[in-house]
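Q: To start, I am sharing the structure in question, which I have written as structure tokens.
So this is what it looks like as structure tokens:
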């Protein structure tokens with residue numbers, strides 16, 4: 061049962077995570093990302109830790125699609141520009157809140173940080189999943205973005221046992 065929940069959580073939060081680089085971001089007021097739909101293939105590495113010990117590292121890929129509005133920000137599911145405090149819920153039918161915690165305009169792009177958490181009761185007791193990460197989009201010419209995804213997820217079982225994933229990857233998204 062634990063492995064089923066873990067698989068669901070990994071899939072649910074892939075593409076979602078606070079990034080220490082947020083503190084170093086240089087802010088710029090000018091919009092730099094052209095409006096449009098950007099798509100690409102994200103290649104990322106996932107490092108797995110069990111009980112604090114590194115277990116393995118693997119490489120995975122996934123399709124990424126992002127819609128940007130005229131203000132250089134991705135759009136919400138209602139077509140509004142993304143904003144700090146924006147929250148979505150219900151990944152894979154699981155009641156999980158995913159909240160935008162920071163948006164920073166950086167040189168030639170934007171960095172978006174987020175957090176998500178769920179706590180629920182099982183027969184063994186309370187279990188918790190926490191996710192934090194960032195999505196960074198930097199312009200490459202007029203028709204492409206370099207997308208960098210960073211995320212840390214940890215799952216704590218009722219007995220205190222913890223599994224953690226650290227993920228990072230990049231893609232070129234084209235309009």
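In my numbering, the protein residues as written are 61 to 235. Think of the CB as a built atom: it goes at the ideal place given N, C-alpha and C, for glycine as much as any other residue.
#1: For residue 101, count the other beta carbons within 10 Å of its own beta carbon; 16 or more makes it buried, fewer makes it exposed. Which is it?
#2: Mapping the DSSP letters down to three states, classify residue 143 as helix, strand or coil.
#3: What does the alpha-carbon distance come out to for the pair residue 235 and residue 124?
#4: Specify, as a first and last residue, the run of the beta strand (DSSP E) that residue 110 falls within.
#5: Tell whether a beta-carbon distance below 8 Å holds between residue 205 and residue 97.
#6: Where does residue 221 land, buried or exposed, given buried means 16+ other C-beta within 10 angstroms?
#7: Give the DSSP-derived three-state secondary structure of residue 93 in the structure shown.
#8: I'd like to know whether the C-beta atoms of residue 120 and residue 104 end up nearer to each other than 8 Å.
#9: Check residue 15 in the structure and name its three-state DSSP category.
#10: If you count every other CB in all the chains shown that lies within 10 Å of the CB of residue 179, and 16 or more means buried, which is it?
#11: Compare the C-alpha of residue 188 against each of 219, 201 and 165 and name the closest.
#12: Please tell me whether residue 191 and residue 163 are closer than 8 Å, where the distance is taken between their beta carbons.
#13: On a Cα-Cα basis, can you pick out the residue from 138, 214, 175 and 233 that is closest to residue 224?
#14: Whose C-beta lies closer than 6 Å to the C-beta of residue 227 among residues of the same chain, with five residues either side of it excluded?
#15: Could you spell out where the beta strand (DSSP E) holding residue 171 opens and where it closes?
#16: What separation, rounded to the nearest whole angstrom, lies between the Cα atoms of residue 229 and residue 193?
#17: Would you say residue 206 reaches chain B, if we count a Cβ-Cβ gap shorter than 8 Å as a contact?
#18: Does DSSP put residue 132 in a helix, a strand or coil?
A: This is what the structure gives:
#1: exposed
#2: Of the three classes helix, strand and coil, the one that applies to residue 143 here is coil, per DSSP.
#3: 12 Å
#4: 96-110 is the span of the beta strand (DSSP E), which, as asked, contains residue 110.
#5: no
#6: exposed
#7: coil
#8: yes
#9: Since the displayed the chain opens at 61 and closes at 235, residue 15 lies outside it and no answer follows.
#10: Burial check for residue 179: the Cβ neighbour count within 10 Å stays below 16, so the residue is exposed.
#11: Comparing Cα positions, the closest option is 219.
#12: no
#13: 214
#14: 104, 106 and 211
#15: 169-182
#16: 12 Å
#17: This model lacks chain B altogether, as it is built from one protein chain only.
#18: coil
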